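Enquirer:
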Amino acid sequence: MHSHYDAIIIGDSLAGRIAGTQLTRSGCRVLTLEEGLAISPAWFTSSLQLENLLDQLSGRSCLTTPPTFQVITPSARVEICSRHPLEEVLLREFPEDGHTLFELLTSLQKRGETLEKALFESGRVPLKGLGGELRYRWRALRNGLGLASGKKPFTGLLQSLSLTPAGNEFTQALFTGLSLTPYEQLSITEAALLWSSHAREHGASASGLDTLLRQRYEQFHGQSEPLENLRQIDTTAQQVKQVVLKNGSSCTADAYLIASTGQLPALSPQVNQAGL
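Going by the working numbering, the first residue of the sequence shown is number 26, and it counts up by one from there.
Structure representation (structure tokens):
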């Protein structure tokens, strides 16, 4: 038995489920070979993109209060998204730097929100190449971001503020924690997007989103098959030819999406190298 789809999604991930739901919603015929695992990351925040998706899927019930967390340094303990205004907390913990830190975070939040809007309007992250770069730059210019590259190092901004050692410890710990990378590696653009996502009015429930995506995928007639029923992935040259199930059925598609890295070993070295 042979079946053809517009897209076949192999494996489970939040991005894969969003893609599958959006494709079926637009009328595409989609097959997902799913692992059946609940996708619930330990740390999850909202964004303009996510809230727009929830509006499309009538799923704003997934929105929650923002997650509260603490930034602890040798000289301070700062609770973010607490019941106390952030400016009040910063002034209490950093008498000398409080106003400067609040202005920094407010500025980053505004810049991050503007960047999100520009990304949303351009429809995607800027692609490599002159065309994608120019498209994004035009959107950024329209939103008042200017023509700067956006790659200026975050460390340069921090150095210009002349913070006390305690203030520096806080900002370094905050952005290293949010990015899970050394803060020295961040650009101002990345720092702005990170902070704006944690300073939004709403948080989001990852488990609620996972349930919503499953329900909408089925509602829009998406098809699913347990991944354990997959026998093999046939490839030729640098592309997937078909997937074969254990019952002997073969399935082809116009596009294939590998939704989890656990499925990469099933592909040929040539396909892996091509970056499916």
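Note that beta-carbon positions come from the ideal geometry of N, C-alpha and C, so glycine has one too.
Please read all numbers here as calculations on a predicted model, not as lab measurements.
Within 10 Å of its beta-carbon, does W68 have 16 or more other beta-carbons around it, so buried, or fewer, so exposed?
Expert: Residue numbering aside, residue 68 sits at position 43 when the sequence shown is read from its first letter. Exposed, because fewer than 16 other Cβ atoms sit within 10 Å of the Cβ of W68.
Enquirer: Considering only residues of the segment 83-127, which uninterrupted alpha helix (DSSP H) runs meet the minimum length of 4 residues and lie entirely inside it, listed in chain order?
Expert: Here the runs fully enclosed are 111-118.
Enquirer: Would you list the one or two residues that DSSP bridges to L140?
Expert: Numbered from 1 along the sequence shown, position 115 holds the residue referred to as residue 140. In DSSP, L140 forms no bridge with anything.
Enquirer: Mind checking who S38 pairs with in its DSSP beta bridge?
Expert: As a first step, residue 38 is located in the sequence shown; it is residue number 13 there, counting from the start. DSSP output for S38 lists no bridge partner at all.
Enquirer: Would you say L282 and W220 are within 7 Å of each other, going by their C-beta atoms?
Expert: Stepping through the sequence shown from its first residue, residue 282 is reached at position 257. Stepping through the sequence shown from its first residue, residue 220 is reached at position 195. Taking 7 Å as the Cβ cut-off, L282 and W220 do not qualify as a contacting pair.
Enquirer: What three-state label does DSSP hand T256 in the structure shown?
Expert: Sequence index remark: in the sequence shown, residue 256 carries index 231 (1-based). According to the sequence shown, residue 256 is Arg rather than Thr. R256: strand per DSSP, three-state reduction.
Enquirer: Thinking C-beta only, is D37 closer than 7 Å to S249?
Expert: Within the sequence shown, the letter at position 224 stands for residue 249. Within the sequence shown, the letter at position 12 stands for residue 37. For S249 and D37, no; Cβs fall outside 7 Å.
Enquirer: Which whole-angstrom value is the C-beta distance of P99 and E194, which I expect to be below 8 Å?
Expert: The sequence position of residue 99 within the sequence shown is 74, counting from 1. The sequence position of residue 194 within the sequence shown is 169, counting from 1. Their Cβ separation, rounded to whole angstroms, is 7 Å, which keeps P99 and E194 in contact under 8 Å.
Enquirer: To the nearest angstrom, report how far apart I213 and R117 are at their CA atoms.
Expert: In the sequence shown, residue 213 corresponds to position 188, counting from 1. In the sequence shown, residue 117 corresponds to position 92, counting from 1. Going by the C-alpha atoms only, they are around 26 Å apart.
Enquirer: Would DSSP call H29 helix, strand or coil?
Expert: Residue mapping note: residue 29 aligns to position 4 of the sequence shown, counting from 1. If DSSP states are grouped into helix, strand and coil, H29 belongs with the strands.
Enquirer: What separation, rounded to the nearest whole angstrom, lies between the Cα atoms of N254 and E59?
Expert: Residue 254 sits at position 229 when you count from the first residue of the sequence shown. Residue 59 sits at position 34 when you count from the first residue of the sequence shown. About 10 Å.
Enquirer: Identify the residues that DSSP records as bridge partners of I283: which are they?
Expert: In the sequence shown, residue 283 corresponds to position 258, counting from 1. Per DSSP, I35.
Enquirer: Between F145 and the rest of its own chain, which residues show a CB-CB distance below 8 Å, the 5 nearest in sequence each way excluded?
Expert: The residue you call residue 145 lines up with position 120 of the sequence shown. Correct list, in chain order: L73, Q74, N77.
Enquirer: With 16 as the cutoff for other CB atoms within 10 Å, does H223 come out buried or exposed?
Expert: The residue labelled residue 223 in the question sits at position 198 within the sequence shown. Burial call: buried.
Enquirer: Measure the alpha-carbon distance for A40 versus L199 and round it to whole angstroms.
Expert: Start at 1 with the first residue of the sequence shown, and residue 40 comes out as number 15. Start at 1 with the first residue of the sequence shown, and residue 199 comes out as number 174. Each residue's Cα considered, the two are about 26 Å apart.
Enquirer: Quick one, which of H27, M26, R85 has its alpha-carbon nearest G228's?
Expert: Residue 228 sits at position 203 when you count from the first residue of the sequence shown. The shortest C-alpha separation from G228 is found at R85.
Enquirer: To the nearest angstrom, report how far apart E138 and T260 are at their CA atoms.
Expert: Here the question's residue 138 lines up with position 113 in the sequence shown. Here the question's residue 260 lines up with position 235 in the sequence shown. Each residue's alpha carbon lies about 42 Å from the other.
Enquirer: When you compare only the Cα positions, how much space is there between L88 and S230?
Expert: For the purposes of this step, residue 88 is identified with residue 63 of the sequence shown, where counting begins at 1. For the purposes of this step, residue 230 is identified with residue 205 of the sequence shown, where counting begins at 1. Rounded to whole angstroms, L88 to S230 spans 6 Å at the Cα level.
Enquirer: So what's E250 in DSSP terms, helix, strand or just coil?
Expert: To locate residue 250, count along the sequence shown from 1; it is residue 225. It is a strand residue.
Enquirer: Cα-Cα, which of K271, Q263, Q264 is closest to Q257?
Expert: For the purposes of this step, residue 257 is identified with residue 232 of the sequence shown, where counting begins at 1. The residue with the shortest Cα to Cα distance from Q257 is K271.
Enquirer: Might you give, ordered along the chain, the residues of its own chain that have their beta carbon closer than 6 Å to the beta carbon of E112, omitting 5 neighbours on each side?
Expert: Taking the first residue of the sequence shown as position 1, residue 112 is located at position 87. For E112, where only same-chain residues beyond five positions count, the Cβ hits under 6 Å are F127.
Enquirer: Apart from the five residues just before and just after R64, which ones in its own chain have a Cβ nearer than 6 Å to its Cβ?
Expert: The sequence position of residue 64 within the sequence shown is 39, counting from 1. According to the sequence provided, residue 64 is Ile. The question's Arg does not apply to it. Cβ neighbours of I64 beyond the five flanking positions: L39, D235.
Enquirer: So the alpha helix (DSSP H) Q263 belongs to, where does it begin and stop?
Expert: For the purposes of this step, residue 263 is identified with residue 238 of the sequence shown, where counting begins at 1. Premise fails: Q263 is in no alpha helix (DSSP H) and is neither H nor E.
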